[in-house]
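Q: Structure in structure tokens, see below.
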Amino acid sequence: MAGSFIAIANDVSALYWNPAAITRMEKYKWNVAANHSRYFAGISQNHLGATLKANDQNYWGLQVMSIGTGPMDETTEFQPTGTGRTFSSDHLLIGVSYARILTQNFSFGLSTKYAREGIPGYGVNNVLFDLGLHYDVGVWNTRFAVTLNNFGINVQPQGEVSILKYTGQQTINEFQTVSVPGLFRVAAAFDPIRKENHNLTVSAQLNHPTDNNETIAIGLEYTMRKIFFLRAGYEFGQDENGFPPMGAGFLIKRKFGDIRLDYAFINKVRLGNIHRIGFLVHFREK
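Number 168 in the numbering used here belongs to position 172 of the sequence shown; there are no gaps in the numbering.
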């Protein structure tokens, strides 16, 4: 849905999008999900999450996310075609979330995350915070959401790197302080069609990152008989776009709860295609 999702999230993926939205799984006790994204240039992302309904008002969540680049050829200023060696860059995030229903329509959520970016020779460690708000307006199932993601302090990379310069081999162990790229998002969604066997959801979202230009995303989700989902969207303002992203999902109802499979396809004209696969299990309360 082109990322237009913080007002719609109602499953474990809310840990990534909007921690306040894990309260929307009120009829389930436990929820677990695994997602895999295959990006261009051999980059992949894996996300594993679980949520727990502690009681009618309080919810907890745990997530682990990793990003890997795979092996890359090492190049230098003096060997731009390659040194014959390879390296990889690996990144890890572990987060704990808490959300609470304050009123029948309003909920908030907070995530605390440990993040590490690792490149051979040095790494960056930080503690980040996400804040999310979710409000049900009550007309046409209209929802309003606001999130502030990756709020943290400036940090300095740690480690040691040896590089070759005109004056010879030089070791660097002092690096500039880097700031965390935060992200502010505000979104609204409503259901112009809401029937027993058919439902259409429309979402609009403004994204304001601290290290890039603003974008506006529009998303659509059509649900048939509450078991089959079709999704599409478009993000305006992106430097690199292709034809609109699209996806589908299928829900299997079981005695213990629900199982859902999701797939999304995103096209980038110059960079290539992105594939996303998700597997989710809801466990109903006894």
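Heads up, the beta-carbon is just placed ideally off N, CA and C, and yes, glycines get one too.
Would you mind giving the Cβ-Cβ distance between L226 and R256, rounded to the nearest angstrom? I have them listed as a contact below 8 angstroms.
A: Not confirmed; about 14 angstroms, so no contact.
Q: Drop a sphere of 10 angstroms on the beta-carbon of Y131, count the other beta-carbons inside from all chains shown, and report buried for 16 or more, exposed for fewer.
A: Per the 10 Å Cβ criterion, buried.
Q: Nearest-angstrom Cα distance between T206 and K251?
A: The alpha-carbon atoms of T206 and K251 are separated by roughly 46 angstroms.
Q: For L106 and A46, I'd like the C-alpha separation in whole angstroms.
A: In a straight line, the C-alpha of L106 is about 15 angstroms away from that of A46.
Q: Using DSSP's beta-bridge definition, name the partner residues of W26.
A: The partner list for W26 (beta bridge, DSSP) reads L48, F279.
Q: By a C-beta neighbour count over all protein chains shown, 10 Å radius and 16 as the cutoff for buried, is P15 buried or exposed?
A: Result: buried.
Q: Round the Cβ separation of G253 and Y24 to the nearest angstrom and send it over; I've been treating them as touching at under 8 angstroms.
A: That pair is a contact at about 6 angstroms.
Q: Once the 5 residues before and after G233 are set aside, which same chain residues still bring their CB inside 7 angstroms of it?
A: The residues are N209, E210, T211, I212.
Q: Using only the alpha-carbon positions, how far apart do S158 and G164 sit?
A: Between S158 and G164, the C-alpha separation is close to 10 angstroms.
Q: Does L124 come out as helix, strand or coil in the three-state DSSP assignment?
A: If DSSP states are grouped into helix, strand and coil, L124 belongs with the strands.
Q: Between which two residues does the alpha helix (DSSP H) carrying L196 extend?
A: Careful: L196 lies outside any alpha helix (DSSP H), inside the beta strand (DSSP E) at 194 to 205.
Q: Just confirm the distance between the C-beta atoms of K109 and L129, as a whole number of angstroms; I'd bet it's less than 8 angstroms.
A: Their Cβ separation, rounded to whole angstroms, is 18 angstroms, which puts K109 and L129 out of contact at 8 angstroms.
Q: Where does I18 fall in DSSP's three states?
A: Correct three-state label for I18: helix.
Q: Mapping the DSSP letters down to three states, classify W136 as helix, strand or coil.
A: Three-state DSSP puts W136 in coil, outside helix and strand.
Q: Buried or exposed for Q152, please, with buried defined as at least 16 other CB atoms from any protein chain shown within 10 angstroms of its CB.
A: Result: exposed.
Q: For L196, tell me which candidate among V174, R221, P177 has the shortest Cα-Cα distance.
A: Per the Cα distances, R221.
Q: Quick one: using the 10 Å Cβ neighbour count with 16 as the cut-off for buried, is D235 buried or exposed?
A: The residue is exposed, with fewer than 16 neighbouring Cβ atoms inside 10 Å.
Q: My assumption, with CB atoms under 8 angstroms, is that F83 sits in contact with G215. Please give the rounded CB distance.
A: Actually they do not touch by this definition, with Cβ atoms about 37 angstroms apart.
Q: For S62, which residues in the same chain have their Cβ closer than 6 angstroms to its Cβ, ignoring the five residues on either side in sequence?
A: Taken in chain order, the residues that qualify are N42, L88.
Q: Going by DSSP, name the residue or residues bridged to E113.
A: Beta-bridge pairing links E113 to H87, V120.
Q: May I ask which residues mark the beginning and end of the beta strand (DSSP E) holding L11?
A: Not the beta strand (DSSP E): L11 falls in the alpha helix (DSSP H), residues 10 to 13.
Q: Let me check one thing: in DSSP terms, what residues is M220 bridge-paired to?
A: M220 pairs with H194, F224.
Q: What is the DSSP secondary structure of G238, reduced to helix, strand or coil?
A: Coil, per DSSP.
Q: With a threshold of 16 other CB atoms inside 10 Å of the CB of I97, please say whether the residue is buried or exposed.
A: So I97 ends up on the buried side.
Q: Distance, Cα to Cα, F246 vs N263?
A: When rounded, the distance between both Cα atoms is 22 angstroms.
Q: Does the ligand NAP have a heavy atom nearer than 6 angstroms to the CB of L196?
A: Absence of the ligand NAP from the depicted structure is noted, as is the absence of any ligand whatsoever, leaving it without description.
Q: Would you give the residue range spanned by the beta strand (DSSP E) that M(-3) belongs to?
A: Element bounds for M(-3): n/a, residue is neither H nor E.
Q: How is the beta strand (DSSP E) around D254 delimited, first residue to last?
A: Here the beta strand (DSSP E) through D254 covers 253 to 264.
Q: When the Cα of S118 is compared with those of N169, P188, G155, which residue comes out closest?
A: It is Tyr, not Ser, that sits at residue 118 in the sequence shown. Cα-wise, what sits closest to Y118 is G155.
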